[in-house]
Structure formats: structure tokens, C-alpha cells
Amino acid sequence: MARLDVTETFHGIMFPGHLHTQDSLSYATDFKFQDTDTLIVTYPKSGTTWMQEIVTLMRCKGHPETSKAKPNWARAPWIEQHYCPDVLSASQGPRLLTTHLPYQLLANALHGSKAKVLYLARNPKDVLVSYYHFHKMAKFLSASESFPGFLSAFLNGKLHYGSWFDHVKDWTSNSKNIQNFLYVTYEEMWMDLPRSVQKVSQFLVCPLLEEELTNIQKVCSFNSMKENSMVNYTLISQDIMDHSKSRFMRKGEIGDWVNTFSMEQNRKFDDVYASKMADSSLTFVWYKPGQETFSKSGMEIDIKPLT
Ligand code: PPS
């Protein structure tokens, strides 16, 4: 299934036709969740692959046997992508599932379910920059002409998978309608991985010994995952993902956005963020601890935290 130039529009949201069809998207909205399911939910570029790796390792008590042998999409399939039914029919045991779908498209399917929903969010400036580079490498996403154009599309919710703002707000504000829900951020994982892994292990009722926790940390470090072909997407052919344009495991940082945003773009982003997130109590970490407050271009970044 190539369909690299096809875009599927479903309930007003665009999806790459390389991975999605109207049937696959309907399959997801009617998905039959089981109470033993774990569903990782993210807006793209929020650390999905990292969380897939962590939960995989947790289930194997820190042993990398599965994470080094099976591609992430085969052990934690996206329920909206066309191959999902085949993957699930070939697998056994409690299912690990992934989705980028907005809450509205899964609300019915999750209603009354005891499936465990793990929502992972990342500060949207880093999401945006990561997504921008991903568009350069992923041939199934239309290459954006320029960063300013991409920034506007992001702020207007015109990219594939819809609006980041709606995604994060709708999932979190409806968490009370989901029986088992955990909110985690990329930044908390980055700043204190052991604590985050323990938080997830408690939620999934998957207790870990000290040694198992240490092994998980090693295998799911950025440097280790960067070299693991089961998660770095180098198994995908060059005509679908061009790794010479950008790597999937690109930087893995907090605050990398300062190297791309101009001061003016930062101001524009902050204005839109303040207006769209006015009704949300979510807060994000925008800089890594100790990060310099100057961008590469030498312009001073306003370090005042956004709330
Ligand atoms: S996707 O395409 O939506 O599934 O992408 P996703 O996995 O959500 O996000 C990719 C970004 O996550 C970074 N990443 C990590 N950061 C830190 N540590 C680890 N272990 C890790 N694994 C993945 C990856 O590098 C992408 O971010 P950027 O900023 O582009 O580097």
C-alpha cells in the first residue's frame, strides 16, 4: 500500500493515505476495546515511540527480547492504521495499542471500557519542530515549503491528525469519562525517567524490581533507541522515509525549538497559545533545566514561563 500522495479526510481531519483508509479509520472509531488493553494516545511527535518502548520493556521485565526483535508498529499497532487488524489477529496476550486520533473519534468506542488509557503530551513548540523535520523525511506527508508556512498550519490546526490544541484539551478535559486514565508528559520522562517509568508501572499494575527498572532505562535511552532498528524506522524503505533528510530519532531534547523559532514567531505562537489554552489548566516545560536563554541566531528568548 503506497498511496504516498493520497490524503484521507475523515470527520474533517486529514490523515496520510499511505497508512489510513476510510475503512481503517472507521475500524478505529468502532474499535472493540478489551478491559485488558493498554492504549497509548498521543498527538504526533510527542514521544509515542518512547512510550511504546517503555511499556514493551515493562511487560518483559526490562529484557530487550521483544523491543530488539519486533518493530514498534507490530507490537503496539496504531488502531487507525490499515494493518492493525492483521497485527492483532496474529498476536496473543494483553494488547498494547496506539492512537493519534482525537478524543471525539474514540469517545464512543471507549465508553464503559476499563482499558487503560495512557495520554502522553509534549510541549507544542518542540512537537511543531519535530513534526516539521518529520515532514521532510516522511514521503507520505506533504513536504512543507517553509517553516513559517508550517507554523501557521500548526497554529490553525491544518496539519495531518488535526489541531494539537484540540487533541490535548479534549483528551485531558474528558479524562473523567475514561475509567482508567493517566496523563504523562515527555518533559517529565526526560527530566526524571525512573520516576516516570514507576508512575506508568503503577498505573499498569506492573511492579518492577530495581534491576528491571535500571534495564528499562538503559534500553529506552535516546542513544540506545537511536541505534535500535525496531524503533528508529530504518526498516522502512528510503522511498517512504528518507533518513538523509532527517532522522526519526532526531534530537530527543526539551527546548530544541529555540534553534528554529524567530522572536517574532515565538511571540505569534505565544499569542495563539494564550488564546487557545485560556480554558485549560495544563502547563508545559518549555526549556530543559539550565538551558541558555539565547537562540542560535543570538536573539534573546523570553524565558517567562507560559501558563
Ligand atoms: S510519531 O511519528 O508520532 O510516532 O513520533 P513520536 O515517537 O511521537 O515522536 C518522535 C520524537 O520523540 C523523540 N524520542 C525520544 N526523545 C527522548 N528520548 C527517547 N528515548 C526518545 N525516543 C524518541 C524523537 O527523537 C522525536 O523527537 P525530535 O525532537 O524530533 O528528536
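First residue of the sequence shown? That's 16 in the numbering used here, and the numbers climb one at a time after it.
Where a beta carbon is used, it is the ideal one built from N, C-alpha and C, also for glycine.
- Remark: C-beta atoms of Tyr201 and Leu135 approach each other more closely than 9 Å.
- In this structure, Gln49 sits near Arg110, with a CB-CB distance shorter than 9 Å.
- For Tyr176, same chain residues with a beta-carbon under 6 Å away, outside a window of 5 residues either side, are Pro59, His115 in chain order.
- Here Pro139 is buried, its C-beta having at least 16 other C-beta atoms within 10 Å.
- Asp286 has its alpha-carbon roughly 11 Å from the corresponding atom of Ala293.
- Just so you know, the alpha carbons of Met73 and Ser216 end up roughly 7 Å apart.
- The beta carbon of Gly177 sits no closer than 8 Å to any heavy atom of the ligand PPS.
- At least one heavy atom of the ligand PPS lies less than 8 Å from the C-beta of Pro59.
- If you draw a straight line from the Cα of Asn281 to the Cα of Ser290, it comes to about 14 Å.
- Contact between Thr44 and Leu120 holds, since their C-beta atoms are separated by about 5 Å, short of 8 Å.
- Distance from the CA atom of Glu80 to the CA atom of Trp65, rounded to whole angstroms, is 16 Å.
- Only residues of its own chain outside the window of five on either side were considered, and among them Ile55, Leu197 have a CB closer than 6 Å to the CB of Leu133, listed in chain order.
- Between Pro31 and Leu156, the C-beta gap is smaller than 9 Å, which places the two residues in contact.
- Secondary structure at Asn195: strand, using DSSP grouped into helix, strand and coil.
- If you draw a 10 Å sphere on the C-beta of Pro117, you find 16 or more other C-beta atoms in it, and that means buried.
- Distance from the CA atom of Arg90 to the CA atom of Glu279, rounded to whole angstroms, is 42 Å.
- Taking C-beta separations shorter than 7 Å and ignoring five residues to either side along the sequence, the partners of Tyr248 in its chain run Met256, Phe263, following chain order.
- In this model, Phe237 and Asn189 are separated by some 31 Å (Cα to Cα).
- Distances from the CB of Glu268 to the heavy atoms of the ligand PPS include at least one below 8 Å.
- In this structure Lys214 touches Val199 by the C-beta definition: roughly 7 Å separates them, less than 8 Å.
- Nearest neighbour of His97 by Cα position, chosen from Met16, Val21, His150, Arg137, turns out to be Met16.
- The three-state secondary structure of Pro304, taken from DSSP, is coil.
- For Glu160 and Asp271, the gap between their C-alpha atoms comes out near 21 Å.
- Per DSSP, the beta-bridge partners of Lys131 are Thr53, Asn195.
- According to the DSSP assignment, Phe284 belongs to the alpha helix (DSSP H) that extends over 278–291.
- Here Glu160 carries a coil assignment [DSSP, helix/strand/coil].
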